[in-house]
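Peer 1: Before anything else, here's the structure in question.
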Amino acid sequence: MAQNVYGPGVRIGNWNEDVYLEEELMKDFLEKRDKGKLLIQRSRRLKQNLLRPLQLSVTEDGYIHYGDKVMLVNPDDPDTEADVFLHGDLSLCMTPDEIQSHLKDELEVPCGLSAVQAKTPIGRNTFIILSVHRDATGQVLRYGQDFCLGITGGFDNKMLYLSSDHRTLLKSSKRSWLQEVYLTDEVSHMNCWQAAFPDPQLRLEYEGFPVPANAKILINHCHTNRGLAAHRHLFLSTYFGKEAEVVAHTYLDSHRVEKPRNHWMLVTGNPRDASSSMLDLPKPPTEDTRAMEQAMGLDTQ
């Protein structure tokens with residue numbers, strides 16, 4: 008009668024090869040861990056930089072200046088045409104590709120953009136107003152002047168510029184197939200933008216006037232003459248979750264006036280709290296509300 012003469016300590020098959028393979032895998036893992044090349048380490052470093060809290064510039068005269076750190080915010084639009092959309096104020100944010108961010112130690116170029124429900128200034132939504140032709144740091148930005156929008160993403164030695172180009176069959180936005188906006192490290196005429204007054208009847212009269220902070224304006228691309236727009240109803244699956252698409256396209260109503268999706272605000276810092284923005288300040292009550300409070304005896308001032 009046959010008996011099993013092999014005990015648990017007996018090695019059969021390619022046991023020696025399996026042992027060496029496990030040792031090599033462990034050595035490779037320890038080497039990558041010591042050099043910080045593990046996927047979890049790269050992902051953690053990227054998130055730390057993109058989500059690093061930053062401080063916005065505080066305006067003293069109420070205007071935007073070259074060199075200011077601001078957030079680009081699309082104001083809340085409750086009268087959107089879609090049934091499902093993102094509510095609230097949406098800030099323009101850089102959105103790196105999830106796969107490429109795991110393979111590289113730095114930001115990919117070109118880098119995508121999206122609109123996010125975020126009011127706190129962090130690395131991925133804090134832009135810098137830059138001059139195009141000369142160093143104009145500290146000077147007031149005016150309607151009709153060319154300027155660039157740069158972003159570091161929380162990194163110390165990296166500067167990307169908001170850019171756009173004409174739509175082609177191979178290059179367009181992911182959801183709407185319109186003109187794409189992206190971030191690149193190349194300095195060219197594709198980086199130039201202009202601020203315009205929202206009311207077309209007063210647009211020429213405001214040409215050359217200072218651009219106010221925390222007020223609705225239009226941001227148009229100089230090369231293609233398309234306005235920066237946020238699609239609240241078109242969602243992107245990004246590294247940080249569901250976010251809205253951003254394109255370069257001008258939307259006009261029946262009166263040839265730009266729609267709210269083309270409206271933006273250059274939001275500055277809150278002088279009362281360095282870690283917040285002007286969006287965190289309570290809105291002043293309207294005249295009707297004040298009159299009602301006075302009639303009810305609630306106004307103590």
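If you're matching positions, the sequence shown starts at 8 in my numbering and goes up one per residue.
Quick reminder that beta carbons are idealized off the backbone N, C-alpha and C, glycines included.
#1: Please tell me whether L148 and A202 are closer than 8 Å, where the distance is taken between their beta carbons.
#2: Can you confirm whether the region 40-55 touches the region 149-158 when touching is taken to mean that 3 or more C-beta pairs between the two stretches lie within less than 8 Å?
#3: Roughly how far, in whole angstroms, is the beta-carbon of R257 from the beta-carbon of R233, given that I think they are within contact range, below 8 Å?
#4: Could you compute how far the alpha carbon of P289 sits from the alpha carbon of C100?
#5: Please go through the region 72-120 and give each complete alpha helix (DSSP H) segment of 4 or more residues, from N-terminal end onward.
#6: Taking Cβ positions, are L93 and Q124 nearer each other than 8 Å?
#7: What is the rounded straight-line gap between the Cα of E212 and the Cα of F204?
#8: From I71 to E113, what distance separates their C-alpha atoms?
#9: For R131, count neighbouring C-beta atoms within 10 Å of its own C-beta (all shown protein chains included) and say buried if the count is 16 or more, exposed if not.
#10: Which class does Q186 belong to by DSSP, given the choice of helix, strand or coil?
#11: Compute the Euclidean distance between the alpha carbons of E294 and S183, then round it to the nearest angstrom.
#12: H270 to E30, Cα distance in whole Å?
#13: Please return the same chain residues whose Cβ sits closer than 8 Å to the Cβ of K178, not counting the five positions on each side in sequence.
#14: Can you tell me whether Q62 is helix, strand or coil according to DSSP?
#15: For P289, name the three-state secondary structure that DSSP assigns.
#16: Please check the pair I135 and G74, which I expect to be a contact at CB under 8 Å, by giving their CB distance rounded to whole angstroms.
#17: Note the first and the last residue of the continuous beta strand (DSSP E) segment covering I47.
#18: Quick one: what's got a C-beta closer than 7 Å to Q146's C-beta in the same chain, skipping five residues either side?
#19: Check H240 in the structure and name its three-state DSSP category.
#20: Taking its Cβ as the centre, do 16 or more other Cβ atoms sit within 10 Å of E24, making it buried, or is it exposed?
#21: Taking just the CA atoms, how far does R40 sit from S283?
#22: Which residues in the same chain have their Cβ closer than 6 Å to the Cβ of Y27, if we skip the five residues on either side of it in sequence?
#23: With DSSP as the reference, label Y168 as helix, strand or coil.
#24: Is the CB-CB distance between E250 and A122 below 8 Å?
#25: Can the beta-carbon of E88 be found closer than 8 Å to that of S180?
#26: Within 10 Å of its beta-carbon, does G43 have 16 or more other beta-carbons around it, so buried, or fewer, so exposed?
#27: Over the uninterrupted beta strand (DSSP E) stretch that includes E252, give me the two end residues.
#28: Quick check on R263: buried or exposed, where buried means 16 or more other Cβ atoms within 10 Å of its Cβ?
Peer 2: Let me lay it out:
#1: As a position in the sequence shown, residue 148 is number 141, starting the count at 1. As a position in the sequence shown, residue 202 is number 195, starting the count at 1. Result yes, Cβ atoms of L148 and A202 sit closer than 8 Å.
#2: no
#3: Counting from 1 along the sequence shown, the entry for residue 257 is found at position 250. Counting from 1 along the sequence shown, the entry for residue 233 is found at position 226. Note on identity: in this sequence residue 257 is Thr, with Arg being the wrong assignment. With 8 Å as the limit, T257 and R233 qualify as a contact, their Cβ atoms being about 6 Å apart.
#4: For this step, residue 289 is matched to residue 282 along the sequence shown. For this step, residue 100 is matched to residue 93 along the sequence shown. Those two C-alpha atoms are separated by around 24 Å.
#5: Counting only runs that start and end inside the region 72-120, the alpha helix (DSSP H) elements of at least 4 residues fall at 105-110.
#6: As a first step, residue 93 must be located in the sequence shown, where it is residue number 86. As a first step, residue 124 must be located in the sequence shown, where it is residue number 117. It is a contact, given that the beta carbons lie within the stated cut-off.
#7: The residue labelled residue 212 in the question sits at position 205 within the sequence shown. The residue labelled residue 204 in the question sits at position 197 within the sequence shown. Whole-angstrom Cα-Cα distance: 9 Å.
#8: Taking the first residue of the sequence shown as 1, we reach residue 71 at position 64. Taking the first residue of the sequence shown as 1, we reach residue 113 at position 106. Spanning the two alpha carbons is a distance of roughly 30 Å.
#9: Here residue 131 refers to the residue found at position 124 when the sequence shown is read from its first residue. Buried, by the Cβ-count rule.
#10: The residue you call residue 186 lines up with position 179 of the sequence shown. DSSP places Q186 in coil when its eight states are reduced to three.
#11: Within the sequence shown, the letter at position 287 stands for residue 294. Within the sequence shown, the letter at position 176 stands for residue 183. Low confidence applies here, because E294 scores a pLDDT of 48, under 50, leaving its location unreliable and the question unanswered by this model.
#12: As a first step, residue 270 must be located in the sequence shown, where it is residue number 263. As a first step, residue 30 must be located in the sequence shown, where it is residue number 23. Computed Cα separation, rounded: 59 Å.
#13: Counting from 1 along the sequence shown, the entry for residue 178 is found at position 171. Residues D172 and E187 of the same chain have their beta carbon placed closer than 8 Å to that of K178, with the five preceding and five following residues left out of the count.
#14: In the sequence shown, residue 62 corresponds to position 55, counting from 1. The answer is coil: DSSP assigns Q62 none of H, G, I, E or B.
#15: Here residue 289 is taken as the residue at index 282 of the sequence shown, counted from 1. Correct three-state label for P289: coil.
#16: Locating residue 135 in the sequence shown gives position 128, counting from the first residue. Locating residue 74 in the sequence shown gives position 67, counting from the first residue. Between G74 and I135 the Cβ distance is about 7 Å, and since that is below 8 Å, they are a contact.
#17: In the sequence shown, residue 47 corresponds to position 40, counting from 1. Not the beta strand (DSSP E): I47 falls in the alpha helix (DSSP H), residues L46 to L57.
#18: What you label residue 146 is simply residue 139 of the sequence shown in a count that begins at 1. Cβ neighbours of Q146 beyond the five flanking positions: H72 and Y73.
#19: Here residue 240 corresponds to residue number 233 of the sequence shown, with the count starting at 1. H240 falls in the strand class under three-state DSSP.
#20: What you label residue 24 is simply residue 17 of the sequence shown in a count that begins at 1. Classification for E24: exposed.
#21: Translated into positions along the sequence shown, residue 283 becomes position 276. Translated into positions along the sequence shown, residue 40 becomes position 33. Whole-angstrom Cα-Cα distance: 36 Å.
#22: Here residue 27 refers to the residue found at position 20 when the sequence shown is read from its first residue. So no residue of the chain qualifies.
#23: Stepping through the sequence shown from its first residue, residue 168 is reached at position 161. It is a strand residue.
#24: Taking the first residue of the sequence shown as 1, we reach residue 250 at position 243. Taking the first residue of the sequence shown as 1, we reach residue 122 at position 115. Closer than 8 Å, so yes.
#25: Residue numbering aside, residue 88 sits at position 81 when the sequence shown is read from its first letter. Residue numbering aside, residue 180 sits at position 173 when the sequence shown is read from its first letter. Result no, Cβ atoms of E88 and S180 do not sit closer than 8 Å.
#26: Along the sequence shown, one-based indexing puts residue 43 at 36. Label assigned to G43: exposed.
#27: Taking the sequence shown and counting its residues from 1, one reaches residue 252 at position 245. Unbroken beta strand (DSSP E) run through E252: G248 to A255.
#28: Residue numbering aside, residue 263 sits at position 256 when the sequence shown is read from its first letter. Result: exposed.
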